[in-house]
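Residue numbers (the working numbering): 76 to 711. From the three backbone atoms N, C-alpha and C, an ideal C-beta is built for every residue, glycine too.
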């Protein structure tokens, strides 16, 4: 079966590369007669990749440890839902999932009305780029990252899944990222194809839903990864500016910029070259993120080893950069309408785009700094959290301020009304001044809270003052998404700088007071361990009270999994819209906690509330009927 699955990947690679070559010949000869062959070839490649993926999933579900991938990432006692998760737990499986989502995206797009409305020459060129990209992934999967390596002497049982991955966040976090990564291949290939065919901006209409949908998937994957880090790693935070965390954030900046510049081109026919570049840049950064995670070039808790794919991935990224640059330069310069000035909504949107790109550049340079600095340093070090916070947080704050003000300016220039933006600016200045006068530190956190409040109030005032806003899908897709982002900014600005933590070594019966709460260690007990995958489970019971009134019970755990000798820490929380209490046990000496760590995280759940809003509300902008862009699109 696995030999057949590997053969299916080889055949899919052959079909993809031959299809790319055929598309190249058709484009060179300005012919479109073989277009149905290209479409059928994509269907065949997607079917073959689906069959190979089914074979890997079948091996996992049947616990076939003769397959090296199954032996490395599962065992006979792993629960079903984590067994499915093991599909993308390893490097080869995750790359196969990446490739499968890419293939399915191409097949689905070929059946849409927007695809069929494109000129045949544009469709041929689209398949030239798309099939080549797909073939590149299949080369990796059939060569250095083959998921179907079998063992001559299969073990009696597998090694099991890493305990850090046994969390609901890891069931959905990687697939969402891959859906976002793969989805951005559609607008990138369309942009290159339309540029060469001269079809103009109709590619944006064809790519509109793919840009929005892929952005939502990528955003959800990043935010869910932050939630997993908060709930599983036990350090009390959700974003550590780790290189692999940054890897997925960097393309998000470019994608978010593309969402806004695409709107400007659809409305004003401006920035066509910028949109082509941003569409290509987003996909290239998705490939670069894949390279960072799988090359071993940066040290990270989340990274895979090289596995032989680092070099080919880097070569692919560099080739894509060169190709996109050549195509973008080849676009003839045409007379374009002038973009309204900075005192307009489009002008402020351009400012936000520059801020997003500046943030992406800062994070990119900070992430790869150890690689760059090794050219002149003996022991290069990566950028620390302080660097990112110092440089990025002011830019995020300014971006939030611009986001709050932009809706109150007209599309062609000038404020729609002076009182609201003036009042919002006064509010921001007043909150910052009040924080400074009360000696609240850091001042930047106060500025972030003020900016978030300003953005939330702006959306509320739009609901009140703009007729028809409440029932408008367009309003909730755009401004509702901005509201979600503002709520995230509010949660980050408060929960990070104002977090309070303490570590105490405790014996049963001992208590201590911290941050207005009283914590009493009642004792240590063993928890139920259904199945045999957990060989030892210990749970500390910590009662919490405030002002003599009970608040709740914290039950942090230490679990020892079969095949993993080091105990795994399980976090316990007492959620709240104000303070969230967060407890972990790092070590034990008999029944003595050595130590218990307690964190009081103010307003951290606003980060997750905002995450739900920012991921769901933009989906309201998805259009399922093909048609030209409304002249009032985004006007709310």
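Check whether the Cβ atoms of residue i and residue j lie closer than 7 Å to each other.
i           : j           : result
residue 332 : residue 468 : no
residue 442 : residue 350 : no
residue 167 : residue 222 : yes
residue 210 : residue 95  : yes
residue 681 : residue 506 : no
residue 91  : residue 213 : yes
residue 487 : residue 428 : no
residue 248 : residue 309 : no
residue 718 : residue 293 : Outside the shown range of the chain, which is 76 to 711, sits residue 718, and nothing can be said about it.
residue 692 : residue 503 : no
residue 130 : residue 80  : yes
residue 245 : residue 202 : no
residue 219 : residue 368 : no
residue 279 : residue 340 : yes
residue 327 : residue 460 : no
residue 619 : residue 594 : yes
residue 615 : residue 625 : no
residue 325 : residue 155 : no
residue 87  : residue 123 : yes
residue 567 : residue 475 : no
residue 274 : residue 197 : yes
DSSP three-state call for residue i: helix, strand or coil?
i           : result
residue 709 : Because the pLDDT at residue 709 is just 41, under 50, the model does not fix this residue reliably, and the value given afterwards should be weighed accordingly. In this structure, residue 709 counts as coil in the three-state DSSP scheme.
residue 673 : strand
residue 600 : strand
residue 605 : Here the model assigns residue 605 a pLDDT of 49, short of 50, so the residue's position is not dependable, and the following value carries that caveat. Here residue 605 sits in coil by DSSP.
residue 691 : helix
residue 704 : Caution applies to residue 704, whose pLDDT of 45 falls short of 50 and renders its modelled position unreliable; the value that the coordinates give is listed next. DSSP places residue 704 in coil when its eight states are reduced to three.
residue 697 : coil
residue 101 : helix
residue 228 : coil
residue 544 : coil
residue 575 : strand
residue 490 : strand
residue 118 : helix
residue 413 : coil
residue 581 : strand
residue 512 : helix
residue 471 : helix
residue 549 : helix
residue 82  : helix
residue 586 : strand
residue 305 : helix
Rounded C-beta distance between residue i and residue j? I'm assuming under 8 Å.
i           : j           : result
residue 170 : residue 216 : 6 Å
residue 581 : residue 596 : 4 Å
residue 358 : residue 484 : That pair is no contact at about 32 Å.
residue 143 : residue 226 : 5 Å
residue 329 : residue 360 : 6 Å
residue 612 : residue 634 : 5 Å
residue 117 : residue 207 : Actually they are not in contact, since the Cβ atoms of residue 117 and residue 207 sit about 12 Å apart, beyond 8 Å.
residue 192 : residue 262 : About 16 Å separates the two Cβ atoms, so there is no contact after all.
residue 282 : residue 267 : The Cβ separation is near 11 Å, so there is no contact.
residue 253 : residue 172 : 5 Å
residue 153 : residue 608 : 7 Å
Should residue i be counted as a contact of the ligand NAD given a C-beta to heavy atom distance under 6 Å?
i           : result
residue 580 : As for the ligand NAD, it is missing from this structure, which has no ligand bound.
(message) With a threshold of 8 Å, are at least 3 pairs of Cβ atoms found where one atom belongs to the segment 675 to 690 and the other to the segment 654 to 663?
(response) yes
(message) Using a Cβ distance threshold of 8 Å, determine whether the segment 528 to 539 contacts the segment 472 to 482, with at least three qualifying pairs required.
(response) yes
(message) Using 8 Å as the cut-off, can you tell me whether the segment 553 to 572 makes contact with the segment 496 to 514, which would need three or more C-beta pairs spanning the two stretches below that distance?
(response) no
(request) Would you check if the segment 232 to 249 and the segment 279 to 289 touch, i.e. whether three or more CB-CB distances between them fall below 8 Å? (result) no
(request) List in chain order: all unbroken beta strand (DSSP E) runs of 3+ residues lying wholly within the segment 600 to 660. (result) 609 to 621, 624 to 629, 632 to 636, 643 to 645, 647 to 649 and 654 to 660
(request) Count the CB pairs spanning the segment 110 to 119 and the segment 149 to 160 that are closer than 8 Å, and state whether there are at least three. (result) no
(message) Check whether the segment 224 to 237 and the segment 314 to 330 touch, using three or more Cβ-Cβ pairs below 8 Å as the test.
(response) no
(message) Three Cβ pairs or more, each shorter than 8 Å: is that satisfied between the segment 340 to 350 and the segment 177 to 194?
(response) no
(message) For the segment 515 to 526 against the segment 534 to 546, do three or more pairs of beta-carbon atoms, one drawn from each stretch, fall closer than 8 Å, so that the two count as touching?
(response) no
(message) Ignoring anything shorter than 4 residues, give me the alpha helix (DSSP H) runs that lie fully in the segment 148 to 204, in order along the chain.
(response) 155 to 160, 166 to 184 and 188 to 191
(request) Starting from the N-terminal side, write out each stretch of the alpha helix (DSSP H) that is 4 residues or longer and does not extend beyond the segment 208 to 288. (result) 243 to 258 and 260 to 272
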